[in-house]
Amino acid sequence: MKKIKPFVVLASSLLSVTLIVPSVLVLPFAEGKTSGKLGVNLTQAPAKQTATSSAERSVDVAVYRANKGKIETVTFEDYLVGVVAAEMPAEFNEEALKAQALTARTYIVHKMVTNDTLGVPKGAQVNDTVTNQVYENNDDMKRNWGMDYDWKRKKILDAVRATSGQILTYKGEPITATFFSTSNGYTENSEDYWGGSYPYLKSVSSPWDKSSPKFNYQQVVSVKNFEAKLGVKLGSSSQIGEIVERTAGKRVGKVDFNGKVLSGKDIRDKLDLRSSDFTWSRKGSSIIISTKGYGHGVGMSQYGANGMAAEGKNYQDIVKYYYQGVEITKADSMLAKK
739 MKKIKPFVVL
749 ASSLLSVTLI
759 VPSVLVLPFA
769 EGKTSGKLGV
779 NLTQAPAKQT
789 ATSSAERSVD
799 VAVYRANKGK
809 IETVTFEDYL
819 VGVVAAEMPA
829 EFNEEALKAQ
839 ALTARTYIVH
849 KMVTNDTLGV
859 PKGAQVNDTV
869 TNQVYENNDD
879 MKRNWGMDYD
889 WKRKKILDAV
899 RATSGQILTY
909 KGEPITATFF
919 STSNGYTENS
929 EDYWGGSYPY
939 LKSVSSPWDK
949 SSPKFNYQQV
959 VSVKNFEAKL
969 GVKLGSSSQI
979 GEIVERTAGK
989 RVGKVDFNGK
999 VLSGKDIRDK
1009 LDLRSSDFTW
1019 SRKGSSIIIS
1029 TKGYGHGVGM
1039 SQYGANGMAA
1049 EGKNYQDIVK
1059 YYYQGVEITK
1069 ADSMLAKK
């Protein structure tokens, strides 16, 4: 890589102090009487790597670039760097970035081993959207990072190489390494959100997330849109639905709207909420919805991983906490068959 000039280092250091914090909707409802609300009725570690493993050097990844409508073939290492760059802030702790690199590698190895190309065009192995893993190439990174490109890419590359050849397995098989941004203080059982039960995707406490800028959020939906999207009628009742079930991860399991029962996931999807841990109240012709957390909640919390790293935990500690009963295994033999 090019030698970085001192003034670039100084400028980069100053610019990297602050993480980008998503804008929060400013509500015009600080004052005023509430006319309805949501009720509740609940009856030893692998050696550090400094270079790419030989197996990874022999493998390429065919990525379908959705916005461009074309397939881009990249080296295995470049693919991992591009995923980590797109999925986690480079400003995060090195151990958190290593944990993210490990999940990214596990994901693509699992796809390759099982020959899973569902949802991608012929010739591609994976796409670059949230339906698989978000991916950016070097041009994307340069455009997004500007003068911070050199140090950010190096930091992520170091994280990828520090975990080179390693994946997460359960009983010898690559796991479904799901992850998300921010929890509500707990992760979610896989079966409570998607229906499928995975023994390593179980709810655990994640208190570090409370310091995430994405922990709390509010949004406004008109009563008309609320009713239309959920297929319910609110009428003049002082109670807008009733929570009748919660999940192991303290999220909304089910809400009963006068006999019509919707799951927390359904409500999140239909109203495009950040989380399925929500509550709401009505003020005039609007529904004010408050959520905790950001994402589905299953697997590794990214802000939780960063919080654990800040307390001195390494990437092995992090992944074994969020994925219960897994092992860190060499993937070379699996990749050698590809």
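Start counting at 1 in the sequence shown, then tack on 738, and there's your number in the numbering used here.
A virtual CB, placed ideally from N, CA and C, is assigned to each residue, including glycine.
Asked                                                                                                                                                                      : Found
How many angstroms separate the CA atom of Y938 from the CA atom of V959?                                                                                                  : 36 Å
Residue ranges of each alpha helix (DSSP H) run of no fewer than 4 residues wholly in the region 871-948, ordered along the chain?                                         : 876-883, 887-900, 928-931
In terms of DSSP beta bridges, what is N954 paired with?                                                                                                                   : K1030
I need the straight-line Cα distance from K1058 to G1022, nearest angstrom please.                                                                                         : 48 Å
If the criterion is Cβ atoms closer than 8 Å, does the pair S1039 and F918 meet it?                                                                                        : yes
Here's a check: name, in chain order, each residue in its chain whose Cβ is nearer than 7 Å to the Cβ of S737, leaving out the five neighbours to either side.             : Residue 737 cannot be examined here, being either before or after the span of the chain that is shown, 739 to 1076.
For H848, which residues of its own chain have a beta-carbon under 6 Å away from its beta-carbon, when the five flanking residues on both sides are left out?              : P912
Note the first and the last residue of the continuous alpha helix (DSSP H) segment covering S1071.                                                                         : 1070-1074
Going by beta carbon distance, what residues of the same chain come within less than 8 Å of V942, once the five residues before and after it are set aside?                : Y924, T925, Y1059, Y1060, Q1062
From Y936 to M885, what does the alpha carbon distance come to, in whole angstroms?                                                                                        : 42 Å
Between which two residues does the alpha helix (DSSP H) containing L1009 stretch?                                                                                         : 1002-1009
Only counting the same chain, and skipping five residues up and downstream in sequence, which positions put a Cβ closer than 6 Å to that of V1036?                         : T916, E926, S928, Y931, L939
Drop a sphere of 10 angstroms on the beta-carbon of E1065, count the other beta-carbons inside from all chains shown, and report buried for 16 or more, exposed for fewer. : exposed
Any contact of the region 968-982 with the region 1047-1054, i.e. 3+ C-beta pairs under 8 Å?                                                                               : no
Relative to the C-alpha of V898, which candidate in E794, G1033, T1017 has its C-alpha closest?                                                                            : E794
Look at the Cβ atom of V822, then the Cβ atom of A839, and state whether they are nearer than 8 Å.                                                                         : yes
Do T841 and G857 have their C-beta atoms within less than 8 Å of each other?                                                                                               : no
Can you tell me which of A834, V801, D888, T867 puts its alpha carbon nearest to the alpha carbon of G850?                                                                 : It should be noted that the sequence gives Met, not Gly, for residue 850. Of the candidates A834, V801, D888, T867, the one whose C-alpha sits nearest the C-alpha of M850 is V801.
My output table needs one value for R1012: the three-state DSSP class, helix, strand or coil.                                                                              : coil
Just how far apart, CA to CA, sit G969 and A828?                                                                                                                           : 42 Å
Please state if the CB of S944 and the CB of G1042 are separated by a distance shorter than 8 Å.                                                                           : yes
With respect to the alpha helix (DSSP H) encompassing T844, which residues constitute its N-terminal and C-terminal limits?                                                : 832-851
Taking C-alpha atoms, which residue in T1029, A986, Y1053 lies nearest to S1019?                                                                                           : T1029
Once DSSP output is grouped into helix, strand and coil, what is the label at S820?                                                                                        : The amino acid occupying residue 820 in the given sequence is Gly; Ser does not appear at that position. Helix.
Between K1068 and I905, what straight-line distance do the alpha-carbon atoms span, to the nearest angstrom?                                                               : 6 Å
Determine the contact status of I714 and L1011, defining contact as a CB-CB distance below 8 Å.                                                                            : As displayed, the chain neither begins before 739 nor continues past 1076, which places residue 714 out of reach and without an answer.
Is K967 closer than 8 Å to L1009 when the C-beta atoms are compared?                                                                                                       : yes
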